[in-house]
Amino acid sequence: MGAQDSEVSMSQERRVYSKFRSPDLADIANMRPGVSKDRIIEAWVATRLSIHQAFFRPSNQLLYFCDTAEGGTSDIVAKTLLSLKSPRRLEPVRIDALGALFVGIKVRVEPDEFPVVNAALRLSGISVDRLEDL
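Sequential numbering of the sequence shown, starting at 1230, is according to this note's numbering.
If you want it as structure tokens, here you go:
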């Protein structure tokens, strides 16, 4: 194994273990049969949430966020949607096959509502990243 081979191997390892690398076809192929691409992407998003960062997927119009212990982020999102006269149920993001483990919360946000919800979250110190290609 030459120096060039070890450099290639190291770059592949970094790619595999990079926290912010989006899931690709290899990840989807390595999952159990019957697991949908959306479920894999949702698990990827949920495991990267923090109380300071949220993700919005325009393809399915879902906003994913991690709530604070006091429930402040949920209140902001719920009150913002209520002010837009579009109250919605906030759902836990389930990441296991049995639905027992959940990390974060998701809610459907329409494209015309997103700028308002995004502004409310940003004013409270939460950045929202758009996942355009997922």
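Backbone N, C-alpha and C define an ideal beta-carbon position, used for all residues, glycine too.
Which class does residue i belong to by DSSP, given the choice of helix, strand or coil?
i: A1298; result: coil
i: D1358; result: strand
i: V1306; result: helix
i: S1279; result: strand
i: V1245; result: Low confidence applies to V1245: its pLDDT is 43, below 50, so where it sits in the model is not reliable, and the reading given next is rough at best. In the structure shown, V1245 sits in a helix (DSSP, three-state: H, G or I).
Could you say which of the options lies nearest to residue i if we only look at CA atoms?
i: R1318; options: V1336, D1304, T1302, G1301; result: V1336
i: L1352; options: L1360, H1281, R1277, I1324; result: H1281
i: N1289; options: A1348, F1343, L1310; result: F1343
i: L1311; options: V1338, S1356, D1267, G1300; result: V1338
For the beta strand (DSSP E) that residue i lies in, which residues bound it at each end?
i: V1322; result: 1320 to 1323
i: R1351; result: R1351 -> not in any beta strand (DSSP E); alpha helix (DSSP H) instead, spanning 1343 to 1352.
i: Q1365; result: Because the chain in this structure spans residues 1230 to 1363, residue 1365 falls outside the shown range and cannot be described.
Might you give, ordered along the chain, the residues of its own chain that have their beta carbon closer than 7 Å to the beta carbon of residue i, omitting 5 neighbours on each side?
i: G1333; result: A1275, L1278, Y1293, F1294, C1295, V1322
i: G1354; result: H1281
i: S1303; result: D1296, L1319, I1334
i: A1272; result: I1324
i: T1309; result: V1345, V1346, A1349
At which residues does the alpha helix (DSSP H) containing residue i begin and terminate?
i: R1268; result: 1266 to 1275
Among the residues of its own chain, which have a CB less than 6 Å from the CB of residue i, if the five just before and after it don't count?
i: F1284; result: V1274, Y1293, D1358, L1360
i: I1305; result: A1349, S1353
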